[in-house]
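Okay, structure first, notes after.
Protein chains: 2
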Amino acid sequence: MHIMESAKFKELDDRAYNTFLNSLSGAKPAFLIGSGMGDDENVAIFNSITHLGANPPLLGFVQRPTSVERHTYQNILKYGYYSFNLISGDMYQKGHQTSARYAKGRSEFKEVGLTALYRSDINCPFVEESPLHIALELFDDIKIKSNNTHLIIGKVLSVSKVELKNEKPTDLDFESLNGVNVSGLSDYYSVEKLSSLAYAKDK
Amino acid sequence: MHIMESAKFKELDDRAYNTFLNSLSGAKPAFLIGSGMGDDENVAIFNSITHLGANPPLLGFVQRPTSVERHTYQNILKYGYYSFNLISGDMYQKGHQTSARYAKGRSEFKEVGLTALYRSDINCPFVEESPLHIALELFDDIKIKSNNTHLIIGKVLSVSKVELKNEKPTDLDFESLNGVNVSGLSDYYSVEKLSSLAYAKDK
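Chains as they are written, first to last, in our numbering: chain A, -15 to 187; chain B, -15 to 187.
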């Protein structure tokens, strides 16, 4: 094993340091967050979606410091609703392109070539090309004082999945869904199912 | 698309409901958290490791409610140090088995057949069989009032990686590392590199 103490990290240049730190947590599922409507319409890539609990059904994500303009965060506070849309292998290059800095008033959907899908019952867009849509209502916004990031907590309102043969709506096989994962800021991975293991018991 | 409203989730039995909710966030990197020493020695599987920031270098994970005994959480508070160890395809069955409920005083290392590795400078075990070790010092413990989970924040002290040909210590390719991901409570996946995309710019 090659051991690298944190004092050594600082010998990296800024971009290499940020990429290294971002990649430590592994290749994580890539989602597009859809938020806002009209001139506020926005879609942006995130890989920090985390299960927080089942009762009530809560999912969190990490919002970087809001000292600069954050369109996703502003929209979530303004509209109260947002969507998580799994990025698939068919459109991850477009998903990645949403990380470019577009001025407010320009929709990333149009800029990168993805389709905004609206439902009559919720004030946020979904990504039509995505195989898995999760609709959320803002539940809590926890400021992490350590570094001014936020943990944004949403309550799951509905889950939509493409119809796949031999699968129930609640079966989520991420290989069948063609979901992609991302590590660091730009390394993309596909996933391949190894196996489903039985519930572990003390032997 | 098949749309399922949250009211419908409750028609699932308890285990199916929990598995479905846990799987929504995708196939996430599987890590073993090593904590404690001597009779407190513990290792347990988690898939909620999240990047929180680079300055200082912080990683978080979600600890379920501490209303019942949580050995990992108790050890982190007692010793102040812990380790994240990436689970590889060579030992994910052993990693999964750590999720069984073992009484305090029994080390999961011995029970599942993994090797505890200690360093002289930090009071927690690492998993020798793991290709990536991250040493952390407890930095903050944020209670999430919505459901009594905790976001445990650690400061990265060091990163150890197996030596791989043509890779620098800071290059983390999760396919080369043979890292595995887990969705729900028991679905395991391998990851395969698709590509590294360039930094996205407004065109």
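Quick reminder that beta carbons are idealized off the backbone N, C-alpha and C, glycines included.
Please check if any C-beta of chain A sits within less than 8 angstroms of the C-beta of E53 of chain B. By this cut-off, E53 of chain B is not an interface position.
Chain-order list of residues whose beta-carbon lies under 6 angstroms from that of F30 of chain A (same chain, five-residue window excluded): If we look at F30 of chain A and ignore the five residues flanking it on each side, its Cβ neighbours are F15, I17 and F45.
What is the rounded straight-line gap between the Cα of R103 of chain A and the Cα of E113 of chain A? Note on geometry: alpha-carbon atoms of R103 of chain A and E113 of chain A lie some 15 angstroms from one another.
Cβ-Cβ distance between N165 of chain A and A28 of chain A below 8 angstroms: Their beta carbons are not under 8 angstroms apart, which means N165 of chain A does not touch A28 of chain A by this criterion.
Taking the beta carbon of P115 of chain A as the centre, do at least 16 other beta carbons fall within 10 Å, making it buried, or is it exposed? Counting of Cβ neighbours within 10 angstroms places P115 of chain A among the buried residues, the total reaching 16 or more.
Just to confirm, are L141 of chain B and F68 of chain B a CB contact at a threshold of 8 angstroms? In this structure, F68 of chain B does not lie closer than 8 angstroms to L141 of chain B by Cβ.
Let me make sure I understand the geometry here. Which of A:S19, A:N59 and A:S83 has the alpha-carbon closest to that of L101 of chain A? When each option's Cα is compared against that of L101 of chain A, the closest is A:S19.
So, helix, strand or coil for S180 of chain B, using DSSP? In the structure shown, S180 of chain B sits in a strand (DSSP, three-state: E or B).
Chain B contacts made by the stretch 159 to 181 of chain A, where a contact means CB separation under 8 angstroms: Residues E159, G163, V164, N165, S167, G168, L169, S170, D171, Y172, Y173, S174, V175, E176, K177, L178, S179, S180 and L181.
Check L148 of chain B in the structure and name its three-state DSSP category. Look at L148 of chain B here: in three-state DSSP terms it is coil, with no helix or strand label.
Would you please verify whether the beta carbon of S225 of chain A is less than 8 angstroms from any beta carbon of chain B? With chain A covering -15 to 187 only, the question about residue 225 of chain A has no answer from this structure.
Contacts that F123 of chain A makes with chain C (C-beta to C-beta distance below 8 angstroms): Any reference to chain C falls outside this structure, whose protein chains are A and B.
Rounded to the nearest angstrom, how far is the Cβ of L42 of chain B from that of S130 of chain A, given a contact under 8 angstroms? The pair is a contact, with the Cβ atoms about 6 angstroms apart (cut-off 8 angstroms).
Quick check on T3 of chain A: does DSSP put it in helix, strand or coil? In the displayed model, T3 of chain A falls within a helix according to three-state DSSP.
Closer than 7 angstroms, Cβ to Cβ, to anything on chain B: give me those residues from the stretch 11 to 39 of chain A, in chain order. For the stretch 11 to 39 of chain A, the beta-carbon criterion of a distance under 7 angstroms to any beta-carbon of chain B is satisfied by A11, K12, P13, S32, I33, T34, H35, L36, G37 and A38.
N-terminal and C-terminal residue of the beta strand (DSSP E) that S167 of chain A is part of: Here the beta strand (DSSP E) through S167 of chain A covers V164 to S167.
Counting beta carbon pairs with one atom in the stretch -15 to 3 of chain A and one in the stretch 46 to 66 of chain A, are three or more of them shorter than 8 angstroms? A contact is defined here as three or more CB-CB pairs under 8 angstroms, and the stretch 46 to 66 of chain A fails this definition with respect to the stretch -15 to 3 of chain A.
Residue-chain proximity (H134 of chain A, chain B), Cβ-Cβ < 8 angstroms: Answer no: the Cβ-Cβ gap between H134 of chain A and chain B never drops below 8 angstroms.
Quick one: what does DSSP say K139 of chain A is sitting in, helix, strand or coil? The DSSP-derived three-state label of K139 of chain A is strand.
In whole angstroms, what separates the C-alpha of P109 of chain A from that of N150 of chain B? Their backbone Cα atoms lie some 43 angstroms apart in a straight line.
Could you list which residues in chain B have their beta carbon closer than 9 angstroms to that of N6 of chain A, in chain order? Counting only Cβ-Cβ distances below 9 angstroms, N6 of chain A has contacts in chain B at H35 and A38, in chain order.
For K127 of chain A, which residues does DSSP report across the bridge? Listed as beta-bridge partners of K127 of chain A by DSSP are A:H134.
Terminal residues of the continuous alpha helix (DSSP H) containing F158 of chain B? For F158 of chain B, no alpha helix (DSSP H) run applies, since DSSP gives it neither H nor E.
Output, in sequence order along the chain, the residues in the stretch 83 to 115 of chain A whose CB is closer than 7 angstroms to any CB in chain B. Taking 7 angstroms as the Cβ-Cβ cut-off against chain B, the residues of the stretch 83 to 115 of chain A that qualify are S83, A84, R85 and Y86.
Going along the stretch 69 to 80 of chain A in order, which residues come within less than 9 angstroms of chain B, judged by CB to CB distance? Cβ contacts with chain B come from L70, G73, Y76, Q77 and H80.
P115 of chain B - partner residues in DSSP beta bridges: Its beta-bridge partners do not exist; DSSP assigns none.
Starting from the Cα of N6 of chain A, find the closest Cα among B:G89, B:I33 and B:S167 and give me that residue. Proximity to N6 of chain A across B:G89, B:I33 and B:S167 peaks at B:I33, based on C-alpha coordinates.
Check L61 of chain B in the structure and name its three-state DSSP category. Reduced to three states, the DSSP call for L61 of chain B is helix.
So with CB distances below 8 angstroms, who are the chain B contacts of K62 of chain A? Contact annotation for K62 of chain A against chain B: no contact, minimum CB-CB distance about 21 angstroms [criterion: below 8 angstroms].
C-beta neighbour in chain B for K145 of chain A, strict 8 angstroms: Cβ-Cβ to chain B under 8 angstroms: yes for K145 of chain A.
Which two residues bound the contiguous alpha helix (DSSP H) that contains V96 of chain A? First-last of the alpha helix (DSSP H) with V96 of chain A: E92 to V96.
Keeping to the same chain, check which residues put their C-beta closer than 6 angstroms to that of I106 of chain A; ignore five residues upstream and five downstream. Leaving aside the five residues that flank I106 of chain A on each side, the residues in its chain whose CB is nearer than 6 angstroms to its CB run, in chain order, Y65 and A119.
My output table needs one value for T34 of chain B: the three-state DSSP class, helix, strand or coil. Three-state result, T34 of chain B: strand.
Have a look at the DSSP bridge pairing and note the partners of I71 of chain B. Its beta-bridge partners do not exist; DSSP assigns none.
Chain B partners of D50 of chain A, CB-CB under 9 angstroms? One point to set straight first is that residue 50 of chain A is Thr, not Asp, in the sequence displayed. In chain order: nothing, as chain B lies at least about 13 angstroms away.
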